[in-house]
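See below for the structure under consideration.
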Amino acid sequence: MPENSGKSGHSSPQQAHELLSLHDDAERDAAERRNRELLVREQALKSQFRTIFESAPGLYLVLTADDYRIVGVSDAYLKATYTDRDAIIGRQLFDVFPVTPDQSNAGGVEELSASLERVKRYGQPDIMPVLRYPIPDPETGHFEERFWSPINVPVFDEQRQLSLILHRTEDVTDYLHGSQAIEPMNMELIARARELKTLLERHRSSEERWRRLFAEAATGIVQADTKGRFLYANRAFCDMLGYSEEALRSTDILSLTHPEDRQANLDKLKPLLAGETNSFIIEKRLLNYQGDVLWCRNSVSAQRDMHGIIVSLVAVIEDITAQREAEARQLSLAQRLTRSLENMSDAFFLLDKDWRFSYLNHQAEHVLERSADELLGRNVWNEFPEARESEAWTCYHHAAETGESEHFTFYYSPLDQWFEVNAYPGEEGLAVYFRTITEKKRLEAQLQEAHRMEAIGHLTGGMAHDFNNLLTVVMGNADLLSEALADDPRLAPLIQAVADSAQRGADLTQRLLAFARRQALAPVPTDINRLIRGLIELLRRTMGEQIELSFHPGHGLWSANIDPSQLESAVLNLSINARDAMPDGGQLTIETRNVSLSAQYANDYLELIPGDYVCIAVSDTGTGIPQAIRERVFEPFFTTKEKGKGTGLGLSMVFGFLKQSDGHVNLYSEEGEGTTIKLYLPRIRQAPADPKPTPREETNLEGDESLLVVEDDDTVREFVVAQLEAAGYGVRQAKDGPSALVILADDSPIDLLFTDVMMPGGMTGRDLAIAAHKLRPLLKVVFTSGYTENAIAHNGRLDEGVRFLGKPYRPITLLRTIRETLDED
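Here's what the structure looks like:
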């Protein structure tokens with residue numbers, strides 16, 4: 018079939034779209050034409066309006082509201098004043114019509130200026146009485162006397178801001194001079210002028226009374242335009258800020274407002290100027306002429322003209338600085354009290370009559386582990402129900418019923434804390450001050466434990482002293498018998514068993530002394546990594562093949578101030594304990610590193626000083642230590658080993674040695690996982706000392722010098738004298754210090770004094786040595802003891818220059834010490 022030719026009234030979608038586009042283009046073109054026509058018409062209307070205005074029969078001037086510049090003038094005005102439009106447009110009114118040289122029009126200039134100012138200030142028309150105002154005659158150059166009847170009318174812009182003033186006037190010179198016949202209309206004009214003058218005088222009289230009323234008011238009163246510029250200010254306000262009214266007119270209310278309050282002031286003004294409200298009250302800070310701050314309450318209202326347009330703002334301003342300062346003092350006091358409560362080390366809360374929380378400080382929130390938001394308004398017994406079963410319930414109720422304060426301590430199990438509580442009843446309820454004393458309880462327990470350990474130390478020290486005297490004789494004689502019976506197959510094993518048992522006894526007493534912190538230590542700056550490397554081979558042999566030993570030395574390790582031999586014994590003891598905890602084999606790891614212990618960490622341990630330490634960690638993968646006995650592992654004679662497998666002094670010796678060395682020991686263990694024991698050795702900022710060479714075996718320890726042996730134990734003294742005499746020395750002996758001084762006072766030669774440290778008679782070995790040096794300054798001295806008790810050692814360290822031989826000792830050690838001392842320069 019043939020295609021539709023369109024004559025039937027139907028079209029395709031494409032044709033419809035094209036028709037719509039053509040329609041839209043036509044609409045846009047029509048709109049643009051209308052806009053152009055409106056613009057042309059508007060310009061034509063403006064031109065017509067200006068032509069109409071300029072051709073109006075009246076005498077008109079249009080002035081700017083701020084500086085009275087002429088922006089419009091009617092032809093009639095130009096003719097009446099002998100002026101030219103181009104010559105006066107843009108000029109200031111009083112430049113065009115200035116004061117005459119003879120000042121004859123000065124009063125008129127002043128009155129016109131005052132009228133214009135009133136229009137600006139009040140935003141209302143101002144009708145003036147007949148005004149004498151001469152004008153210059155351009156032909157003669159003289160001023161021609163004229164009289165005028167003017168009115169000044171405000172003109173507002175779209176934002177209701179005063180922008181222009183319309184000045185309309187009539188020339189009434191001829192009427193007043195009577196140069197023309199007075200017609201009825203002129204008579205009416207004169208009558209109107211006189212009436213207006215009377216009304217104006219009444220208005221001014223009323224205005225003057227109003228001004229006096231507000232001027233003398235005790236409260237500040239100001240009037241401002243809608244931009245906040247001052248139009249009027251009474252004396253109270255001027256005195257308040259220290260400005261004159263004239264000075265205020267050159268500024269505005271916002272400029273005198275504190276910068277931080279200006280936005281709030283603007284936020285209040287916006288709805289007022291928009292007509293949404295008629296007034297508002299704001300408390301804000303004003304700045305006086307010195308920049309000081311005054312707090313003021315401002316009651317602001319809008320003043321409207323007959324058309325309802327806002328023409329000015331009136332504010333009643335009250336100085337509330339004193340009130341604000343009083344409130345600030347009260348607030349400051351409340352804040353100080355709150356800060357005092359918040360900054361107290363004690364926790365504090367208030368309970369009302371119904372046992373509900375009414376206040377908690379931050380410390381109370383911290384101690385109770387609950388926030389104030391959770392507790393305020395809630396019942397204490399409902400929130401902490403377990404407290405019903407404690408002493409707190411009884412004491413709180415007793416305080417509330419009797420009005421007497423209560424002071425008590427109690428343990429609250431849900432928080433695992435001990436509390437010391439002071440409860441004070443009052444009219445509002447109960448004020449409760451409390452603090453946790455869990456740490457105090459712990460420290461008291463630690464102190465009690467320290468006293469117990471100290472008592473054990475004194476006991477073991479005394480026992481070790483006597484026991485070491487016995488062991489000195491036993492070990493010495495056992496050594497002598499071993500040499501004498503070395504070829505006797507029957508007796509040699511027996512005497513060797515005696516010597517071995519004596520040595521074990523000596524080791525036992527040494528560990529007791531170590532635990533009791535009564536060893537005579539000789540600490541030196543020590544390279545810990547080097548010391549442990551020297552032990553590794555011995556430890557491998559001791560551990561056996563089932564134990565894998567690894568050493569991880571710390572990089573840049575500090576030097577430690579420690580007794581090297583005692584540290585070797587401690588590491589060996591820990592390694593043996595680790596081996597015994599791994600009966601089926603495992604891994605032993607020794608690590609070293611630098612650590613700094615904080616004051617917070619040190620607070621948990623008595624005698625521990627915060628600072629730098631070298632840490633040695635000995636870890637095993639053994640059976641671990643059960644939780645129930647971990648706190649006892651450092652006690653003397655406490656052991657988990659089978660009977661006969663341990664003395665229970667290994668860890669106690671390590672503990673005592675570390676404490677005596679101002680160090681620290683810490684244990685961490687998990688059952689089935691293993692144990693780590695960390696030794697913390699005090700750092701010293703000195704280069705490590707070179708290790709002492711191994712003593713060589715002397716071929717000849719004999720001598721012929723004269724010696725004085727002072728020993729209170731007869732058996733020990735006899736043994737020592739016998740050994741020294743057998744070596745060729747000449748020996749004299751004494752049982753105490755006074756007896757020894759008698760011998761030293763004679764003239765017989767004495768080369769060396771060998772004296773016990775702890776002796777009866779009130780004189781120690783140290784006292785004897787001091788007295789002896791007064792008699793014989795070159796006398797050499799060797800001290801011996803099984804228990805020094807600070808006579809020649811202080812804080813666990815041997816005094817400088819002291820030669821010491823600890824009991825028990827073997828004969829060869831005795832002879833070597835004597836010989837080395839005598840050979841010293």
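By the numbering used here, the letter at position 257 of the sequence shown is numbered 274, and the numbering carries on one by one without gaps. Quick reminder that beta carbons are idealized off the backbone N, C-alpha and C, glycines included. All values derive from a computational prediction rather than experimental measurement.
Practice task
Determine the extent of the beta strand (DSSP E) in which I545 is found, giving its start and end residues.
Solution key: As a first step, residue 545 must be located in the sequence shown, where it is residue number 528. Here I545 belongs to no beta strand (DSSP E); instead the alpha helix (DSSP H) covers I545 to M560.
Exercise for the section: For Q583, count neighbouring C-beta atoms within 10 Å of its own C-beta (all shown protein chains included) and say buried if the count is 16 or more, exposed if not. Expected result: Locating residue 583 in the sequence shown gives position 566, where the first residue counts as 1. With 16 or more other Cβ atoms within 10 Å, it is buried.
Practice task
With a threshold of 16 other CB atoms inside 10 Å of the CB of V328, please say whether the residue is buried or exposed.
Solution key: Indexing the sequence shown from 1 puts residue 328 at position 311. With 16 or more Cβ atoms within 10 Å of its Cβ, V328 is classed as buried.
Problem - Whole-angstrom C-beta distance between F70 and G89, which should lie under 8 angstroms - result: Mapped onto the sequence shown, residue 89 falls at position 72. Mapped onto the sequence shown, residue 70 falls at position 53. Indeed they touch by this definition, with Cβ atoms about 7 angstroms apart.
Problem - Segment contact, 8 angstroms Cβ cut-off, at least three pairs: the region 339–352 with the region 249–265 - result: no
Exercise for the section: Count the CB pairs spanning the region 150–166 and the region 180–192 that are closer than 8 angstroms, and state whether there are at least three. Expected result: yes
Handout entry: Beta-carbon proximity list for F297, same chain, < 7 angstroms, skipping 5 on both sides
Key = Taking the first residue of the sequence shown as position 1, residue 297 is located at position 280. Taken in chain order, the residues that qualify are K285, L289 and V317.
Exercise for the section: Within the region 302–380, note down every full beta strand (DSSP E) run reaching 3 residues or more, in order along the chain. Expected result: 310–321, 327–336, 364–369 and 374–377
Problem - Contacting residues, own chain, Cβ-Cβ under 8 angstroms from G259 (five flanking each side not counted) - result: To locate residue 259, count along the sequence shown from 1; it is residue 242. Cβ within range, chain order: N305, Y306 and Q307.
Practice task
May I ask you to verify whether the region 622–629 touches the region 578–593, counting CB pairs closer than 8 angstroms and requiring at least 3?
Solution key: no
Problem - Alpha-carbon to alpha-carbon, W575 and G782 - result: On the sequence shown, position 765 is the one that residue 782 refers to. On the sequence shown, position 558 is the one that residue 575 refers to. Taking the straight line from one Cα to the other gives about 37 angstroms.
Exercise for the section: Identify which residue in A786, P828, Q604 and Y99 has its Cα closest to the Cα of V491. Expected result: Mapped onto the sequence shown, residue 491 falls at position 474. It is P828 whose Cα lies nearest to the Cα of V491.
Exercise for the section: Note down the Cα distance separating A440 from W410, rounded to an integer number of angstroms. Expected result: Working through the sequence shown from its first residue, we reach residue 440 at position 423. Working through the sequence shown from its first residue, we reach residue 410 at position 393. Their backbone Cα atoms lie some 11 angstroms apart in a straight line.
Problem - DSSP beta-bridge partners of G237 - result: The sequence position of residue 237 within the sequence shown is 220, counting from 1. Paired residue(s): I334.
Practice task
Identify every residue that forms a DSSP beta bridge with Q434.
Solution key: Taking the first residue of the sequence shown as position 1, residue 434 is located at position 417. In DSSP, Q434 forms a bridge with Y429.
Practice task
Would you identify the three-state DSSP class for F672, choosing helix, strand or coil?
Solution key: In the sequence shown, residue 672 corresponds to position 655, counting from 1. F672: helix per DSSP, three-state reduction.
Problem - Cα-Cα separation between R534 and D433, rounded to whole angstroms - result: Taking the sequence shown and counting its residues from 1, one reaches residue 534 at position 517. Taking the sequence shown and counting its residues from 1, one reaches residue 433 at position 416. Caution is warranted here: a pLDDT of 49 is assigned to R534, below 50, making its placement in the model unreliable, and the coordinate value is therefore given only provisionally. Spanning the two alpha carbons is a distance of roughly 35 angstroms.
Handout entry: Inter-stretch contact at 8 angstroms, needing at least 3 Cβ pairs: the region 785–797 / the region 755–769
Key = yes
Practice task
Give me the Cα-Cα distance between Q740 and D496, rounded to the nearest whole angstrom.
Solution key: Residue 740 sits at position 723 when you count from the first residue of the sequence shown. Residue 496 sits at position 479 when you count from the first residue of the sequence shown. Going by the C-alpha atoms only, they are around 12 angstroms apart.
Practice task
Please name the residue in A73, D83 and D112 whose C-alpha comes closest to that of K96.
Solution key: The sequence position of residue 96 within the sequence shown is 79, counting from 1. Checking every option, the nearest Cα to that of K96 belongs to A73.
Exercise for the section: Hey, could you find the ends of the beta strand (DSSP E) K797 is sitting in? Expected result: Taking the first residue of the sequence shown as 1, we reach residue 797 at position 780. First-last of the beta strand (DSSP E) with K797: K797 to S802.
Handout entry: Nearest to I760 (by Cα), restricted to the options L785, V147 and I454
Key = For this step, residue 760 is matched to residue 743 along the sequence shown. Of the listed residues, the one whose Cα sits closest to I760 is L785.
Problem - Cβ shell of L271 (< 6 angstroms), same chain only, five flanking positions each side left out - result: Here the question's residue 271 lines up with position 254 in the sequence shown. Contacts found: G245 and R279.
Practice task
Can you grab the Cα-Cα spacing for the pair I694 / A577, in whole Å?
Solution key: On the sequence shown, residue 694 is found 677 positions in, with the first residue counted as 1. On the sequence shown, residue 577 is found 560 positions in, with the first residue counted as 1. The straight-line gap from Cα to Cα measures roughly 18 angstroms.
Problem - Straight-line gap, T838 to V671 (C-alpha atoms, nearest Å) - result: Within the sequence shown, the letter at position 821 stands for residue 838. Within the sequence shown, the letter at position 654 stands for residue 671. Near 31 angstroms, if we compare the C-alpha coordinates of V671 and T838.
Practice task
Check the C-beta distance from H275 over to V310 and give it rounded, since I have them as a contact under 8 angstroms.
Solution key: Looking up residue 275 in the sequence shown gives position 258. Looking up residue 310 in the sequence shown gives position 293. Right, their Cβ atoms sit about 6 angstroms apart.
Handout entry: Between the CA atoms of I182 and I326 - distance to the nearest angstrom
Key = Position 309 of the sequence shown, counted from the start, is the residue given in the question as residue 326. Position 165 of the sequence shown, counted from the start, is the residue given in the question as residue 182. Each residue's alpha carbon lies about 16 angstroms from the other.
Exercise for the section: Compare the Cα-Cα distances from G124 to each of L148, N590 and A616 and report the closest residue. Expected result: Residue numbering aside, residue 124 sits at position 107 when the sequence shown is read from its first letter. Measuring from the Cα of G124, the nearest candidate turns out to be L148.
Handout entry: R702, buried or exposed, once every other Cβ within 10 Å from all chains shown has been counted against 16
Key = Your numbering for residue 702 matches position 685 in the sequence shown. R702 should be labelled exposed.
Practice task
With DSSP as the reference, label W575 as helix, strand or coil.
Solution key: Within the sequence shown, numbered from 1, the residue matching residue 575 stands at position 558. Reduced to three states, the DSSP call for W575 is coil.
Exercise for the section: Note down the Cα distance separating Y249 from S132, rounded to an integer number of angstroms. Expected result: Stepping through the sequence shown from its first residue, residue 249 is reached at position 232. Stepping through the sequence shown from its first residue, residue 132 is reached at position 115. Rounded to the nearest angstrom, the two C-alpha atoms are 15 angstroms apart.
Handout entry: Distance between L78 and E142 (C-alpha atoms, nearest Å)
Key = Here residue 142 is taken as the residue at index 125 of the sequence shown, counted from 1. Here residue 78 is taken as the residue at index 61 of the sequence shown, counted from 1. Here residue 142 is Pro; the residue named in the question, Glu, does not match the sequence. Approximately 15 angstroms between the Cα atoms of the pair.
Practice task
Check each candidate in S686, L758 and A616 and name the one with the smallest Cα separation from D637.
Solution key: Your numbering for residue 637 matches position 620 in the sequence shown. Considering only alpha carbons, the answer is S686.
Exercise for the section: For H681, count neighbouring C-beta atoms within 10 Å of its own C-beta (all shown protein chains included) and say buried if the count is 16 or more, exposed if not. Expected result: By one-based count along the sequence shown, residue 681 stands at place 664. H681 comes out buried.
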